[in-house]
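Here this note's numbering is used: the first residue of the sequence shown is 51, the next is one more, and so on.
What follows is a single structure, written as C-alpha cells, with notes after it.
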Amino acid sequence: MLRKLPYGANYLDLNEMNDLKSSINHKILFRYQTLGESVATKFERACERRFDVRRALACHNGTEALRVSLLATRPAIGDKVYIPAVTFIAVAGAILSCGMIPVLCDVDENFALDPNKIPKDAKRIVVAHMEGSVGPLPSAQYVVEDCAQAMGARHADGTHVGTRSFAGTFSFHHNKVLTSGEGGLVLTHDEEVWELMRRYHDHGSSRIHGQYPKWHAGAFYGENFTTSELVASVQLQQLGHLDHILGDLQNGYDALIGSINPSGKFIVRPRKDGDVKISLRIELETIEARRNLEESLKATGMPFWTLERYFLPEHPILTGRNSIYSDGFPWSLAADHRVNSEVFRSTHDRLLRTICLSISPEIGRDEQCRQAEAYARVLRCL
Ligand SMILES: *Cc1c(COP(=O)(O)O)cnc(C)c1O
51 MLRKLPYGAN YLDLNEMNDL KSSINHKILF RYQTLGESVA TKFERACERR FDVRRALACH
111 NGTEALRVSL LATRPAIGDK VYIPAVTFIA VAGAILSCGM IPVLCDVDEN FALDPNKIPK
171 DAKRIVVAHM EGSVGPLPSA QYVVEDCAQA MGARHADGTH VGTRSFAGTF SFHHNKVLTS
231 GEGGLVLTHD EEVWELMRRY HDHGSSRIHG QYPKWHAGAF YGENFTTSEL VASVQLQQLG
291 HLDHILGDLQ NGYDALIGSI NPSGKFIVRP RKDGDVKISL RIELETIEAR RNLEESLKAT
351 GMPFWTLERY FLPEHPILTG RNSIYSDGFP WSLAADHRVN SEVFRSTHDR LLRTICLSIS
411 PEIGRDEQCR QAEAYARVLR CL
C-alpha cells in the first residue's frame with residue numbers, strides 16, 4: 051500500500067515517446083537547430099492550448115521559471131518581493147538571486163498567501179498554490195503565480211492557475227504532478243513579456259531558429275535556460291496524462307471524504323473544486339495529537355506527510371542572511387529588513403497540528419477505497 055512514486059512518474063512510458071525516439075534518430079537534441087519544428091516548440095504549443103494562454107516558454111526548472119518571470123518585471127536592485135511565509139525555499143532563492151529581497155507575509159487557513167497581509171503599495175508579489183491548493187490572487191502591478199505544485203488546477207472562475215497574472219511558473223521535478231526529472235515552464239498572456247523572457251533565457255539573444263544567435267544593439271545580458279529536445283519529449287508524453295491524473299486524484303479524494311467521519315478530535319480542511327487533490331489535510335487539536343496520529347499511521351504503514359518544512363520564517367537561508375557574494379549581496383541592500391518569526395507563531399502552530407493524507411492516482415479505484423477505509427480506521431481510533 052505504500053506509495054513508491056509520485057503522480058506523473060508512474061506514467062513514464064517509453065512506448066509513448068515517439069518524439070524522443072525521432073529526436074535521437076535525427077541526432078539533434080538542441081531545440082534551435084532541429085530541421086522541422088522542435089519538440090520543445092511542440093510542447094510549448096500544447097501547453098498554450100491545454101492551459102488556454104497566449105504564450106508558453108519551457109526552461110530548465112521551476113526555479114529558473116520564477117527567476118525569468120521576476121526579471122521580466124524589469125526590477126531594480128534591492129526591490130522587495132512579497133511572498134507567503136509558507137512555501138518552498140526556491141521562491142525566496144529565486145528572488146534573492148535576482149538581487150531582490152523576499153518579504154514574508156502571513157497565510158490564510160489553507161496556507162495560501164493572505165491578500166490582507168500584504169502592504170497596499172506592494173508592487174511585486176509571488177503567490178504559491180501549495181499542494182494543489184489554489185490561493186487567492188492579490189492585486190498588484192506584478193503578480194507571479196508559482197504553480198510548481200498545482201499543474202492543472204483552476205481558479206474559482208474556471209481559468210487555469212498561472213494564466214491570470216503577470217506570469218505563471220511550473221515545475222517538472224520528480225515530486226510534482228508531471229515530471230521530466232527536472233524541467234520548468236512559464237505561461238503569460240503578454241507577448242512582450244514572453245519576448246523578454248525568451249531573450250533572457252537564451253543569452254539575451256534574438257535568435258532565429260536554425261541560426262547562430264543574434265544580438266541587437268541594446269541587447270541585455272542573459273543566461274542559458276533553454277530546454278532540450280529530450281526533456282521536452284518526456285514533458286509532452288507526461289502532458290498527455292494530466293487529465294486522467296487529475297481525475298484519479300479527485301476519485302481518491304472523494305473516497306477519502308466519503309470514508310472519514312468527522313469527530314471532535316480533528317477537522318478536515320476541504321479542498322476547493324479547482325484544486326489538484328494532492329492530499330487530504332487533517333488538522334488536529336494539539337501538536338501531541340498529531341504526533342500520536344503520525345505514530346499510528348507509521349505503525350499501519352499508511353503514507354502521510356507534514357508541511358512544517360515549508361515554514362520560511364525560521365529557514366536558515368532567511369534567518370542567516372548569508373550569501374555566496376563576499377559583500378553579502380543582496381542582503382547588504384536590506385540591512386533594516388529582518389524576519390520576525392513571532393508574527394507567524396500561530397501559523398507555525400497550525401502547521402505542527404496539520405497532517406496530509408496521501409492520495410495516489412495510479413492505484414485504481416478499488417485500491418483507493420481500501421486505502422481510504424484504512425485511513426478512516428486509524429482516525430476512528432484517535
Ligand atoms: C518545486 C518547487 C519549486 C522549484 O521548482 P524546481 O523545478 O525544483 O526548481 C518552486 N516553488 C515551489 C512551491 C515548489 O514546490
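Cβ coordinates follow ideal geometry from the N, Cα and C atoms, glycine included.
All of these numbers come straight from a predicted model, not from anything done at the bench.
- For valine 236, no alpha helix (DSSP H) run applies; the uninterrupted beta strand (DSSP E) run containing it begins and ends at 234-238, by DSSP.
- Put simply, the backbone Cα of leucine 362 is about 34 Å away from that of isoleucine 413.
- For isoleucine 332, the enclosing beta strand (DSSP E) stretches over residues 329-334.
- If you draw a straight line from the Cα of threonine 350 to the Cα of glycine 234, it is about 37 Å long.
- Taking the Cβ of aspartate 69 as the reference point, every heavy atom of ligand 1 lies at 8 Å or farther away.
- Secondary structure at arginine 341: helix, using DSSP grouped into helix, strand and coil.
- With a threshold of 8 Å, the Cβ atom of aspartate 325 does not count as near ligand 1, since no heavy atom of the ligand is closer than that.
- A distance of 9 Å or more separates the beta carbons of alanine 426 and isoleucine 328.
- Excluding five sequence positions before and after isoleucine 78, the CB atoms of its chain that fall closer than 8 Å to its own CB belong to Thr84, Leu85, Glu279, given in chain order.
- When DSSP states are grouped into helix, strand and coil, isoleucine 310 belongs to the coil group.
- Relative to ligand 1, even the nearest heavy atom lies 8 Å or more away from the CB of leucine 401.
- Annotation: the continuous beta strand (DSSP E) that includes glycine 218 extends over 217-221.
- With fewer than three CB-CB distances shorter than 8 Å, the stretch 364-381 does not count as touching the stretch 271-287.
- Valine 118: member of the alpha helix (DSSP H) spanning 112-121, first to last residue.
- Counted as a single uninterrupted DSSP element, the stretch harbouring serine 408 is not any alpha helix (DSSP H) but the beta strand (DSSP E) occupying residues 404-408.
- A direct Cα-Cα distance of roughly 28 Å separates phenylalanine 220 from serine 391.
- In this structure, lysine 92 has its CB at a distance of at least 8 Å from all heavy atoms of ligand 1.
- Counting the other Cβ atoms within 10 Å of the Cβ of isoleucine 332 gives 16 or more, which makes it buried.
- Going by C-alpha positions, histidine 179 is about 10 Å away from leucine 187.
- In the DSSP assignment, arginine 105 falls within the beta strand (DSSP E) that extends over 105-109.
- In the structure shown, the three-state DSSP call for arginine 257 is coil.
- With a threshold of 16 other beta carbon atoms within 10 Å, phenylalanine 394 meets it and is buried.
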